[in-house]
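Quick mapping for you: the protein sequence lines, in order, are chains A, B and C. Under the numbering used here, read the first sequence as residues 42 to 140, first letter to last. Under the numbering used here, read the second sequence as residues 1415 to 1518, first letter to last. Under the numbering used here, read the third sequence as residues 15 to 228, first letter to last. C-beta atoms are modelled at their ideal positions from N, C-alpha and C, and glycine is treated no differently. Small disclaimer: the values here were computed from a predicted structure and weren't measured. Take a look at the structure set out below.
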Amino acid sequence: MPRVHDRGGWSTNEPIDRSDHQLTDWERRIDALHGVLGAKGLRTTDEMRRAIESLEPELYESMSYYEKWTAALEILLLEKGVLSKEEINQQVASSKGQE
Amino acid sequence: MATDASVKYRINDLVKVRVASPPGHFRTPTYIQGKTGQIVALCGVFPNPESLAHAGSGLPKQPLYRVEFEQSEVWAEYPGPAKDKILVDIYQHWLEPVEAPGEP
Amino acid sequence: MSDQHDDHKLHPGIGEDSGPSEYELRAKAMEDLLVTKGICTREEVQREVDLMDARSPSDGAKIVARAWVDSDYKAMLLADAHTAINELGFHLPDTTPQLAVVENTDTVHHLVVCTLCSCYPRMLLGRPPDWYKSLSYRSRAVVEPRAVMREFGLEIGEEVEVRILDSTADLRYLVLPKRPEGTENMSEAELAGLVTRDSMIGVTTPRTPETAAA
């Protein structure tokens, strides 16, 4: 039984949606953040893949590409003790308070 | 302790992909497991992603091969011509040797 | 680590008109915290954004056009892609994943996919298109490549062998498309103009002089 990310040959007749979306600023930045942290050895491609694969299947299938990258980065930074969940929550709350 | 697994297969060797679903991360797709193919290239020797994914050393490094399979071998009802192929990059520890027909 | 899934039960920000989604806020929060803690700088992130924005399929197109006009270069490209690419003035960082170039001919047509995630030659082509990363492409490209190519407008004859490459490991693949007919008198720059991103993935073939002129 393949895991949710192991997609080759899954039964689907779904036509391929060929529309392209322009990356938003935040998507570019999370993409870049992965690259910067990768260059610093704080995150590897293999760890990143493993983190994405660990997402709940229904989330894996519904989250957008960069939402998955965001979730994966949080998993890794928490794991490595670089950031804490509380800090991130607090930072998010502060940013909302400022709107 | 050797840091690299030694290269076991040569181009044109027949190999069979192991069937397994280890806990944790691995890069051998389920659809190709259990299938028999032919080595077309040694891509290089690389750290093991199964270890790297959990911040391990990746040692021993594993030879990585490009393995060619006939689509008709991989899929029960492949709709295309019999000559179509799929090539998958597979680490050595996922491969088992297969004797070519006619070999002793 | 036990409750790290809780926040991932958030709804994705689909159709939200009212400002950033939770994921966007978390992404920004992580960057802000990392910058505050001195783990990275804002400038480093911006530089990386700019670097990836600057990469585009036109880089790959130049490589293809050179290979079309220069058979020695083509041989080098097929044998050692990084060396050949850097010969044309690109500076692939040492950390760039190993790239292999596969050649389409009259008898063989290649198609590239990453069924397990979205591996793609980013340093040469830029970020991959949404469809390449989609669940439907990842599922279908390996089991019905000809139907997938048909959706992109490409019909491959039965006499041509289709070879799918699933980039499951350390290598990334670039397709060297077949040079279109009727291009003998085109300059290298004009040839590069025929080469599309999708033809370097293998779902289509390059533009022809007729369609390019249209």
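- If you look at Gly1451 of chain B, you'll find it isn't in any alpha helix (DSSP H); it sits in the beta strand (DSSP E) that goes 1450-1460.
- Inter-segment contact for the region 156-171 of chain C and the region 1480-1499 of chain B is present: three or more beta-carbon pairs are separated by less than 8 Å.
- For Ala1469 of chain B, the closest Cβ of chain A is nearer than 8 Å.
- Judged by beta-carbon spacing, Val189 of chain C lies beyond the 8 Å limit of Val122 of chain C, meaning their Cβ atoms are not closer than that value.
- By the C-beta criterion, the region 1418-1435 of chain B is judged to be in contact with the region 1451-1471 of chain B, since at least 3 inter-stretch pairs fall below 8 Å.
- Residue contact with chain A for Val157 of chain C: present (Cβ-Cβ distance below 8 Å to some residue of chain A).
- Exposure of Arg1424 of chain B is indicated by the presence of fewer than 16 other C-beta atoms within 10 angstroms of its C-beta.
- Within the same chain, Cβ atoms closer than 6 Å to the Cβ of Gly196 of chain C are found at Pro223, the five residues on either side in sequence being excluded.
- Contact between the region 69-77 of chain A and the region 56-67 of chain C is present, with at least three C-beta pairs closer than 8 Å.
- Secondary structure in the region 155-227 of chain C: the alpha helix (DSSP H) runs of 4 residues or longer, each lying completely within the stretch, are 159-165, 202-206, 211-215, 223-227 in chain order.
- The region 54-64 of chain A and the region 142-154 of chain C touch, with three or more beta-carbon pairs separated by less than 8 Å.
- Of C:Thr218, C:Glu36, C:Leu205, C:His96, the smallest CA-CA separation from Lys137 of chain A is found for C:Glu36.
- Distance between Asp212 of chain C and His1439 of chain B, taken at the CA atoms: about 30 Å.
- When the five nearest sequence neighbours on each side are left out, the beta carbons in the same chain lying within less than 8 Å of the beta carbon of Ser1435 of chain B are those of Thr1444, in order along the chain.
- At least 8 Å separates the CB of Ser201 of chain C from every CB of chain A.
- Sequence-distant partners of Leu1456 of chain B (beyond 5 residues in either direction) whose C-beta falls short of 7 Å from its own C-beta, in its chain, are Val1421, Pro1477, Tyr1479.
- Below the 7 Å Cβ cutoff, chain B contributes no neighbours of Pro98 of chain A, its closest Cβ being approximately 15 Å away.
- Contact between the region 200-218 of chain C and the region 73-83 of chain C is present, with at least three C-beta pairs closer than 8 Å.
- At least one C-beta of chain C is nearer than 8 Å to the C-beta of Pro1493 of chain B.
- By the rule that beta-carbons nearer than 8 Å mark a contact, Arg1441 of chain B touches chain C.
- Under a 10 Å Cβ-count criterion, Asp1503 of chain B is classified as buried, with 16 or more other Cβ atoms of the shown protein chains found around its own Cβ.
- In the three-state reduction of the DSSP assignment, Pro98 of chain A falls in the helix class, which pools H, G and I.
- With 16 or more other CB atoms across the displayed protein chains lying within 10 angstroms of its CB, Met104 of chain A is buried.
- Contact check for Leu1501 of chain B and Ile178 of chain C: beta-carbon distance about 7 Å, within the 8 Å limit, so the pair qualifies.
- Across the region 80-91 of chain A, CB contacts with chain B closer than 7 Å involve Thr85, Asp87, Glu88, Arg90, Arg91, in sequence order along the chain.
- The C-beta separation of Pro191 of chain C from Thr225 of chain C comes to about 14 Å, leaving the pair out of contact by the 8 Å criterion.
- Judged by DSSP in its simplified three-state form, Tyr1479 of chain B adopts strand.
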